[in-house]
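Colleague: Each residue of the sequence shown is one higher than the one before, starting from 1 at the first, in my numbering.
Ideal Cβ placement from N, Cα and C applies to all residues, glycine included.
Only a predicted model underlies this, so the values are computations on that prediction, with no experimental measurement involved.
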Amino acid sequence: MKGLNIMLVGVGGQGTLLASRVLGNVALKRDFDVKVSEVHGMSQRGGNVVTYVKMGERVYSPLVEAGEADIILAFEQLEAYRWLEYLKEGGRMIINRQRIDPMPVITGKAKYPEGIIEKISETGVDIIATDALETAKECGNAKAVNVVLLGILAKSTDIEKDIWIEALKEVVPERFLESNLNAFERGYNT
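(1) Return the chain-ordered ranges of every alpha helix (DSSP H) run that is complete within the segment 62 to 138 and spans a minimum of 4 residues.
(2) Starting from the C-beta of residue 140, find all residues in its chain whose C-beta is less than 6 Å away, skip the five residues before and the five after it, and write them out in chain order.
(3) Mark residue 115 as exposed unless 16 or more other C-beta atoms lie within 10 angstroms of its C-beta, in which case mark it buried.
(4) Is DSSP giving residue 43 helix, strand or coil here?
(5) Quick one: Cα of residue 39 to Cα of residue 56, how far?
(6) Below 8 Å on the Cβ atoms is my contact criterion, and I expect residue 96 with residue 74 to pass it. Report the Cβ-Cβ distance as a whole number of Å.
(7) Cβ of residue 88 within 7 Å of Cβ of residue 69?
(8) Give the range of the beta strand (DSSP E) segment to which residue 16 is assigned.
(9) Tell me which residues share the same chain as residue 163 and place their Cβ nearer than 6 Å to its Cβ, disregarding the 5 neighbours each side in the sequence.
(10) Within the continuous beta strand (DSSP E) that includes residue 147, where are the two ends?
(11) In whole angstroms, what separates the C-alpha of residue 193 from that of residue 94?
(12) Does the distance from the CB of residue 58 to the CB of residue 33 come in under 7 Å?
(13) My output table needs one value for residue 171: the three-state DSSP class, helix, strand or coil.
(14) Using DSSP with H/G/I as helix, E/B as strand and the rest coil, what is residue 2?
(15) If we count the other Cβ atoms within 10 Å of its Cβ and call it buried at 16 or more, is residue 103 buried or exposed?
(16) In angstroms with no decimal places, state the Cα-to-Cα distance between residue 62 and residue 79.
(17) When the distance is taken between beta carbons, is residue 149 closer than 7 Å to residue 22?
(18) Starting from the Cα of residue 135, find the closest Cα among 146, 126, 107 and give me that residue.
Below you can see the structure in the form of structure tokens.
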């Protein structure tokens, strides 16, 4: 693998930061140079969170520019739509079908756009869309949405599955490990 530029986009509280730590560990286990950069937009109040993860033989900048992302891992569908321009031609978007209303929608000042995944699909982007929240609940931990998505991401790379599992074991707290490993497997086998 020459290099991989990944963006994780979501809403505060969805576990994007834990997912980026797992990705960073995966890269280090493969002896890649890795840079992780996090941008928080009022994340504690349900605002958007964007994390850039760049890995490869040599990485100079931590940021992914528009048109450079190999993979966008979207924890919420509106965030997928918002960051679509960052996906490179031939890139892949992994989208959680979950809808989380932003504050303007909650207050009635805006409407949540309908048909987001269909609109993204119409652009010709390679999409995997899944209900990661439902899968996480079935695994016994509704907060494991991030790990379901990581499982799907892992299957989309040439990085060995056991490396992903080792990284999860190092990052996920012991009391949540079993449900998270189950969530990873379910995502991986989607």
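Modeller: Working from what's here:
(1) As summarised for the segment 62 to 138, the continuous alpha helix (DSSP H) elements at least 4 residues long and confined to that stretch are 77 to 82, 103 to 106, 116 to 122, 132 to 138, given in chain order.
(2) Result list for residue 140: 179, in chain order.
(3) Classification for residue 115: exposed.
(4) With a pLDDT of 46 at residue 43, under the threshold of 50, the predicted position of this residue should be treated as unreliable, though the coordinate-derived value follows. Shown here, residue 43 sits in a helix according to DSSP, grouped into three states.
(5) Spanning the two alpha carbons is a distance of roughly 21 Å.
(6) Contact between residue 96 and residue 74 holds, since their C-beta atoms are separated by about 6 Å, short of 8 Å.
(7) Taking 7 Å as the Cβ cut-off, residue 88 and residue 69 qualify as a contacting pair.
(8) For residue 16, there is no enclosing beta strand (DSSP E); the enclosing alpha helix (DSSP H) covers residues 16 to 29.
(9) Excluding sequence positions up to five before and after residue 163, its CB lies within less than 6 Å of the CB of 26, 29, all in the same chain and listed in chain order.
(10) Premise fails: residue 147 lies in the alpha helix (DSSP H), 145 to 155, not in any beta strand (DSSP E).
(11) Past the edges of the chain, shown from 1 to 190, lies residue 193, and the structure says nothing about it.
(12) The Cβ atoms of residue 58 and residue 33 lie closer than 7 Å to each other.
(13) Residue state, collapsed to three classes: helix.
(14) Correct three-state label for residue 2: coil.
(15) Classification of residue 103: exposed, given that the 10 Å Cβ count is below 16.
(16) Distance between the alpha carbons of residue 62 and residue 79: 20 Å.
(17) No. Outside cutoff.
(18) Put simply, of 146, 126, 107 the residue whose alpha carbon is nearest the alpha carbon of residue 135 is 146.
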